[in-house]
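What follows is a set of notes on a single structure, which appears directly below.
See below:
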């Protein structure tokens with residue numbers, strides 16, 4: 001996630017306009033009644049006391065005396081720069097998203113899927129190595145079947161679109177981390193498949209995928225817990241019929 005995304009999300013969550021400070025710090029500043037946050041050139045968030053905090057901590061209210069109100073929203077858009085993406089890597093994003101779409105929809109309790117089956121199948125039949133080929137391909141296939149992610153080639157961005165009923169700050173923070181890892185992995189993988197599999201143990205399957213993306217270790221423990229909370233099954237064992245299995249969350 002780049003600094004612009006962090007500033008945008010933090011500004012919206014705190015209900016306060018970000019101020020660009022310019023030279024020499026080139027930092028952004030966001031003021032609330034109880035705190036002043038500075039986001040430096042590297043995207044590090046620093047409080048007025050000089051303490052470094054994470055975006056997730058602020059969204060959960062862990063860094064302040066009074067936690068952010070526990071409210072939910074019904075939609076959220078996450079805009080990401082195209083950067084060094086090619087047509088091939090953008091196809092990777094769509095394939096990865098569609099292959100785990102059923103689990104992601106359950107996780108965030110979304111009203112509709114990101115991508116329709118006809119769209120992803122037809123798109124994978126097209127030549128999409130370059131950005132221009134990808135742009136031509138989605139124009140030919142039609143974007144009506146891909147309402148959960150859009151591409152703005154003039155602006156140089158693509159946007160994930162969540163449409164749900166109970167999108168808490170905690171869930172939004174978890175999705176930001178998930179989308180960031182999907183974006184990073186899409187640029188590394190040589191090939192991806194859009195094939196969906198029937199999962200007898202959704203929680204185990206999704207956790208395995210999250211770990212494969214790089215969401216492992218104590219840093220992501222709370223985020224994994226959030227992403228797995230709405231899924232059925234067990235994280236401990238792949239086979240649910242195994243007796244005496246203990247539930248492990250995250």
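Residue numbers (the UniProt record's numbering): 1 to 250. No residue lacks a Cβ here, since even glycine has one placed at the ideal position from N, Cα and C. Here the structure is a predicted model, which is why all the values come from computation and not from measurement.
- prompt: Should the segment 203-222 be regarded as contacting the segment 99-115, the criterion being three or more beta carbon pairs within less than 8 Å?
  reply: yes
- prompt: In the structure shown, what three-state DSSP assignment does residue 38 receive?
  reply: strand
message: Please report the straight-line C-alpha distance between residue 8 and residue 239, rounded to a whole angstrom.
response: 42 Å
query: By Cβ distance below 7 Å, which residues in the same chain neighbour residue 178 in space, the five residues on each side in sequence not counted?
result: 227
query: Can you give the Cα-Cα distance for residue 105 and residue 111, rounded to whole angstroms?
result: Going from the Cα of residue 105 to the Cα of residue 111 covers about 8 Å.
query: Curious, which full-length alpha helix (DSSP H) runs of at least 4 residues does the segment 166-199 contain?
result: The qualifying runs are 169-186.
query: Tell me, which residues are paired with residue 164 by DSSP?
result: 110
message: Quick check on the burial criterion: 16 or more other C-beta atoms within 10 angstroms. Buried or exposed for residue 153?
response: exposed
Straight-line gap, residue 176 to residue 55 (C-alpha atoms, nearest Å): Approximately 10 Å, taken between the alpha carbons.
When 196, 200, 77 and 212 are compared against residue 151, the one with the closest alpha-carbon: 77
- prompt: So, is residue 170 buried or exposed, given that buried needs 16 or more other C-beta atoms within 10 angstroms?
  reply: buried
message: To the nearest angstrom, how far is the alpha carbon of residue 135 from that of residue 217?
response: 37 Å
Extent of the continuous alpha helix (DSSP H) to which residue 98 belongs: 87-99
query: Start and end of the alpha helix (DSSP H) containing residue 11?
result: 3-14
query: Comparing alpha-carbon positions, which option in 108, 51, 119 and 29 lies nearest residue 162?
result: 108
message: At the level of alpha carbons, what is the spacing between residue 36 and residue 142?
response: 45 Å
query: Ordered along the chain, which non-local residues of its own chain (more than five positions away) have a Cβ less than 6 Å from that of residue 18?
result: 7, 11, 28 and 30
- request: Taking only the alpha-carbon atoms, compute the straight-line gap between residue 160 and residue 148 and give it to the nearest angstrom.
  value: 6 Å
query: To which residues of the same chain is residue 224 closer than 7 Å at the C-beta, ignoring the five residues directly before and after it?
result: 207, 210, 215 and 250
- prompt: Nearest-angstrom Cα distance between residue 16 and residue 44?
  reply: 18 Å
Enclosing alpha helix (DSSP H) for residue 147 [first to last residue]: Taken as a continuous stretch (DSSP letters only), residue 147 belongs to no alpha helix (DSSP H), as it is neither H nor E.
query: DSSP on residue 132, reduced to helix/strand/coil?
result: Helix at residue 132.
- request: Assuming residue 96 contacts residue 186 (C-beta within less than 8 Å), just tell me the rounded distance between them.
  value: 6 Å
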